[in-house]
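Trainee: First the structure, which I've put down as structure tokens, then a few questions once you've had a look.
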Amino acid sequence: MKRAPLSTLLGRTALVLSGGGTNGAVEVGFYKALWEAGVKIDLIIGSSIGAINGALIATGMDPQRMHAHWRSARPRDFIKLNWREAWKGLGARSVFDGRRMRRFLELGIPARTFEELKIPFIAVATDLNTGDGIDLERGDLISAVQASCALPGLLPPIEIDGRLLADGGIMRWLPIDLAVARGATTTIICMSECLSDRYDPPRTAVDILNRAFSLAISRVARTPGYLDIFALRTRLIVFEPCFRIRITPQSIFDMGNTDIQVKFGYEYARARLDQAGLWHPPPATSGTMNP
6 MKRAPLSTLL GRTALVLSGG GTNGAVEVGF YKALWEAGVK IDLIIGSSIG
56 AINGALIATG MDPQRMHAHW RSARPRDFIK LNWREAWKGL GARSVFDGRR
106 MRRFLELGIP ARTFEELKIP FIAVATDLNT GDGIDLERGD LISAVQASCA
156 LPGLLPPIEI DGRLLADGGI MRWLPIDLAV ARGATTTIIC MSECLSDRYD
206 PPRTAVDILN RAFSLAISRV ARTPGYLDIF ALRTRLIVFE PCFRIRITPQ
256 SIFDMGNTDI QVKFGYEYAR ARLDQAGLWH PPPATSGTMN P
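Going by this note's numbering, the sequence shown opens with residue 6, and the numbers climb by one from there.
Structural data, given as structure tokens:
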């Protein structure tokens, strides 16, 4: 019997990319598996580092180029101490200067506006005044992505349309609700952190602060039955990689594990797609996913 095309099996497909610092490299591996399987993505939603990956995918960038982009990145390319405000001490708006990050995004993302993208894309940010989750999908793409990954205290918030915006992971680390609201019949969830993992007990003040922040931003996704609520309205394919390269304050900008993370993400997603009966890569995988 002839197999139905994936577009028929999956219907309108949304890709949801979570936050997670440099653990976001695992999302490149997920994307590579989806590309090779011939999964057509109709909508991309990204929060924090997921917004950077989402923007790259939405431009039509292939996995190989995306992997090369991650591998070549160095902390000095996107972070620089904010000497202009260092004299303020605790009164400074951020540790790092946002101009270096913006330049990094401009050099890496081959588009300037949402309207130039090949796949519809939504970057999620947080309004620091109201606490509302803000959906950015029109106009200045670079500012939107920069706002979505503006880690509080480390990178300065970005003002867009009179709102002061920061990291989307603060309020919506995993914005599945947007996929459902936009009519996705299949939602592929890409997590860069294992929610069910059990970490070693934190021992130092830095460990405790890091663990507390990680728990806080993913608190909703960790709620028992959270995914089940959305499974009533969309088919869920969940990539939740449980591996032991964890984010710490010392490693949050460390790109040294990129190749390991991409390889792990690819192998994990390939196995997950196979379990779901979706791993049937076409004979040639060099074309685009969204012609």
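We put the CB at the ideal spot given by N, CA and C, even for glycine. Please read these numbers as outputs of a predicted model, since none were measured by experiment.
Measuring alpha carbon to alpha carbon, tell me which of L22, T27, G26 ends up nearest Y36.
Mentor: Residue mapping note: residue 36 aligns to position 31 of the sequence shown, counting from 1. Of the candidates L22, T27, G26, the one whose C-alpha sits nearest the C-alpha of Y36 is L22.
Trainee: Determine the contact status of V31 and S197, defining contact as a CB-CB distance below 8 Å.
Mentor: For this step, residue 31 is matched to residue 26 along the sequence shown. For this step, residue 197 is matched to residue 192 along the sequence shown. Going by C-beta atoms, V31 is nearer than 8 Å to S197.
Trainee: Skipping 5 residues on each side, what residues in its chain have a beta carbon closer than 8 Å to that of L48?
Mentor: The residue you call residue 48 lines up with position 43 of the sequence shown. Cβ neighbours of L48 beyond the five flanking positions: R17, T18, A19, L20, I124, P125, F126, I127, A184, R187, A189.
Trainee: Tell me the rounded alpha-carbon separation between A171 and L283.
Mentor: For this step, residue 171 is matched to residue 166 along the sequence shown. For this step, residue 283 is matched to residue 278 along the sequence shown. The alpha-carbon atoms of A171 and L283 are separated by roughly 36 Å.
Trainee: Considering only residues of the same chain and omitting the five flanking positions on each side of T228, which have a CB-CB separation below 8 Å?
Mentor: The residue you call residue 228 lines up with position 223 of the sequence shown. Contacts found: none.
Trainee: What residue range does the alpha helix (DSSP H) around T263 cover?
Mentor: Counted from its first residue, the sequence shown places residue 263 at position 258. From DSSP, the alpha helix (DSSP H) with T263 extends over 263-280.
Trainee: Using 8 Å as the Cβ pair cut-off and three pairs as the minimum, do the segment 140-151 and the segment 71-82 touch?
Mentor: Short answer: they don't touch.
Trainee: Can you tell me which of G26, L61, P180 puts its alpha carbon nearest to the alpha carbon of D137?
Mentor: Locating residue 137 in the sequence shown gives position 132, where the first residue counts as 1. Nearest option by C-alpha distance: P180.
Trainee: Along the chain, where does the alpha helix (DSSP H) containing L39 start, and where does it finish?
Mentor: Counting from one through the sequence shown, the residue named residue 39 turns up at place 34. First-last of the alpha helix (DSSP H) with L39: 30-42.
Trainee: Which word fits R167, buried or exposed, when buried means at least 16 other C-beta atoms lie within 10 angstroms of its C-beta?
Mentor: Taking the first residue of the sequence shown as position 1, residue 167 is located at position 162. For the sequence presented, residue 167 should be read as Gly rather than Arg. So G167 counts as exposed.
Trainee: Span of the alpha helix (DSSP H) holding A128?
Mentor: Reading the sequence shown from its first residue, position 123 is the one you call residue 128. It is not in any alpha helix (DSSP H) - A128 instead sits in the beta strand (DSSP E) that spans 126-132.
Trainee: Going by DSSP, what residue range makes up the alpha helix (DSSP H) through R240?
Mentor: Residue 240 sits at position 235 when you count from the first residue of the sequence shown. Counting along the chain, R240 falls outside any alpha helix (DSSP H), though it belongs to the beta strand (DSSP E) covering 240-244.
Trainee: Have a look at the DSSP bridge pairing and note the partners of A171.
Mentor: Walking along the sequence shown from the start, residue 171 turns up at place 166. T131, per the DSSP bridge assignment.
Trainee: Considering Cα atoms alone, identify which of G158, D132, V267, L169 is closest to C195.
Mentor: Here residue 195 is taken as the residue at index 190 of the sequence shown, counted from 1. Among G158, D132, V267, L169, the Cα nearest to that of C195 belongs to V267.
Trainee: Kindly indicate which three-state DSSP category L20 falls into: helix, strand or coil?
Mentor: Within the sequence shown, the letter at position 15 stands for residue 20. Three-state DSSP puts L20 in a strand.
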